[in-house]
Each structure stands twice: as structure tokens, then as C-alpha cells.
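In the working numbering, the protein residues as written are 6 to 256. Think of the CB as a built atom: it goes at the ideal place given N, C-alpha and C, for glycine as much as any other residue. Working notes, structure below.
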């Protein structure tokens, strides 16, 4: 009897335990199902938000790319416009310079024309007058060249005469206003041209020392004097080295 009662109690306890366990598991399953439903809803909302964000990002990137292309195109157009503007400005500057040059030439031409008219010279005689002027210039050049030749021959003759005469007279006293220098040298006849003339106190027969870098080069005697220059013969007994253009001459 006791055994039966114990068995019944054990069975009842087992049934109670099973019922309690079933109730707990059922509640837990219900909670898990609720959590699963909430999680699925949150996941769906998250996926939807992610899709919207991705779409917004793609739209933003596409818009940014479009703006970059538009900006690059605008820059190219601006550079092209700037280049055209610079070219047009340079052309305008050249045209302005040419116009100013033309105006200057026109003013000069009008001035020359007025000068010719003031001289009361007919236009048909202008060429003839110009030709006469050119011929006169050529004649002056020829006479100048001939004078130089005659002047050189005269100097050579004077040099030879002094050699033959053995001139030993005392040179005159010269008071030069400055030192001079050698302008030309004739090594064949040993005479030089100096930048000293009457204006500087040079006189014929006056003697000068030729100096280069503080050393004596030669001694010269003036044979011909002009206003701003003179010709002098190199004295052989005083010649140390060849006289050069640019050598200094002093009293």
C-alpha cells in the first residue's frame, strides 16, 4: 500500500514537473518568437534604411561626377575665352602701335612737305636738288681724301727736311692745358696724330714725351698744328718701342 502511494506520488510529481516544464518552455518559445519577430522587423527596417542610404550615396556620387564634368567644361571654356581675349588685345595693341607710327610718319611727311613749300622749290626740282646734294657730298669726300694724302706727304717731306738739315734748335716752351693721347700712327714714316691742338696750347716744334703704363715709349716733335689736333714726328734717338694708338703724351 505504501509502495503504491509512493508510486502514485512519484507519477503525480513527474506529471507536475512535466507540466511546469512545458509551461516554462512554451513561455520561452513565445518570448523567442516575439524577439524573432522584433529582430526581423528591425532587420528589415535596417536593410531598407541601408538601401535608401546607398541609393542616396549613389545619387550624390553621380551628381558630384556631373558637377565635376560641368566644372571642367566651364574651365575649358573660360581658358578658351581668355586666350581669345588676349589674342584680340595683342592684335589691338599692334594695330594701335601701327596707327601711331603711321600718324607720326604722316606728321613728318607733312612737316617735310611744308618745309619744301616754304623754300618755294617746285616739286619737279626736288630730285635734281637731291642729286646735286649727293654729288656735292661725293666731291667733299674726294677732296677730304686728297687733303689727307697731301697732308701725309707734307708731313713726310717735313720729316725728311729735318733729317737733312739736322735741326738742333731749342724747342719752344709749351703750356698745355691738359695731357693728350695718340690718335693715329704711321709706322712707315714715324709720325703720329695727337688730340692736342692750338686750343690746348700746342705749338709747332714743341716736343712731348710718349708714355705707356708709366714707362717712356718715345719723344715726338710737333710739325703741324690745327685747332684740335696736331701731327708730330717721332724722334729716332728717343724711340724705345713702337708708339701705339692710345698712348699718353705729356709735356
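With the cut-off set at 7 Å, would you say residue 200 and residue 181 are in Cβ contact? The residue labelled residue 200 in the question sits at position 195 within the chain shown. The residue labelled residue 181 in the question sits at position 176 within the chain shown. Not a contact, by the Cβ cut-off of 7 Å.
Own chain partners of residue 185 with C-beta closer than 6 Å, once the 5 adjacent residues on each side are dropped
In the chain shown, the residue the question calls residue 185 occupies position 180. Taken in chain order, the residues that qualify are 199, 200, 201 and 254.
Residue range of the beta strand (DSSP E) that includes residue 225:
Within the chain shown, numbered from 1, the residue matching residue 225 stands at position 220. From DSSP, the beta strand (DSSP E) with residue 225 extends over 220-230.
Review point. Which whole-angstrom value describes the C-beta separation of residue 195 and residue 238, a residue pair presumed to lie in contact below a C-beta threshold of 8 Å?
Key: The sequence position of residue 195 within the chain shown is 190, counting from 1. The sequence position of residue 238 within the chain shown is 233, counting from 1. About 6 Å; that satisfies the 8 Å criterion.
query = Taking the Cβ atom as the reference point for each residue, do residue 212 and residue 176 lie within a distance shorter than 7 Å?
reply = Position 207 of the chain shown holds residue 212. Position 171 of the chain shown holds residue 176. The answer is yes: Cβ separation under 7 Å.
Indicate whether residue 230 and residue 205 have their beta-carbon atoms separated by less than 7 Å. For the purposes of this step, residue 230 is taken as residue 225 along the chain shown, with counting starting at 1. For the purposes of this step, residue 205 is taken as residue 200 along the chain shown, with counting starting at 1. Not a contact, by the Cβ cut-off of 7 Å.
For residue 34, count neighbouring Cβ atoms within 10 angstroms of its own Cβ and tell me buried if that reaches 16, exposed if not.
The residue you call residue 34 lines up with position 29 of the chain shown. Under this definition residue 34 is an exposed residue.
Residue 11 versus residue 37 - alpha carbon distance: Position 6 of the chain shown, counted from the start, is the residue given in the question as residue 11. Position 32 of the chain shown, counted from the start, is the residue given in the question as residue 37. Residue 11 and residue 37: Cα-Cα distance of roughly 38 Å.
- Query: What are the boundary residues of the beta strand (DSSP E) that residue 184 is part of?
  - Reply: The residue given as residue 184 occupies position 179 in the chain shown. Looking at the DSSP string, residue 184 is not in any beta strand (DSSP E), and its letter there is neither H nor E.
* When the Cα atoms are used, what is the spatial distance from residue 44 to residue 66? -> Counting from one through the chain shown, the residue named residue 44 turns up at place 39. Counting from one through the chain shown, the residue named residue 66 turns up at place 61. Spanning the alpha carbons of residue 44 and residue 66 requires a straight line of approximately 32 Å.
For residue 89 and residue 143, the rounded distance between their alpha carbons = Position 138 of the chain shown, counted from the start, is the residue given in the question as residue 143. Position 84 of the chain shown, counted from the start, is the residue given in the question as residue 89. Approximately 55 Å, taken between the alpha carbons.
- request: Leaving aside the five residues before and after residue 111 along the sequence, list all residues of the same chain whose C-beta is less than 8 Å from its C-beta, in chain order.
  value: On the chain shown, position 106 is the one that residue 111 refers to. Counting only Cβ-Cβ distances below 8 Å, and skipping sequence neighbours, we find nothing.
Just verifying my parser: in three-state terms, what is the DSSP assignment at residue 217? Here residue 217 corresponds to residue number 212 of the chain shown, with the count starting at 1. In this structure, residue 217 counts as strand in the three-state DSSP scheme.
Take the Cβ of residue 234 as the centre, count every other Cβ of all protein chains shown within 10 Å, and call the residue buried at 16 or more, exposed below. For the purposes of this step, residue 234 is taken as the residue at position 229 of the chain shown. Residue environment: residue 234 is assigned as buried (16 or more neighbouring CB atoms within 10 Å of its CB, all protein chains considered).
Every unbroken beta strand (DSSP E) inside the segment 77-121 [3 residues or more]
Here no run is fully enclosed.
Can you check DSSP and say which residues form a bridge with residue 235? As a first step, residue 235 is located in the chain shown; it is residue number 230 there, counting from the start. Per DSSP, the beta-bridge partners of residue 235 are 199 and 230.
Three-state secondary structure assigned by DSSP to residue 249: Numbered from 1 along the chain shown, position 244 holds the residue referred to as residue 249. In this structure, residue 249 counts as coil in the three-state DSSP scheme.
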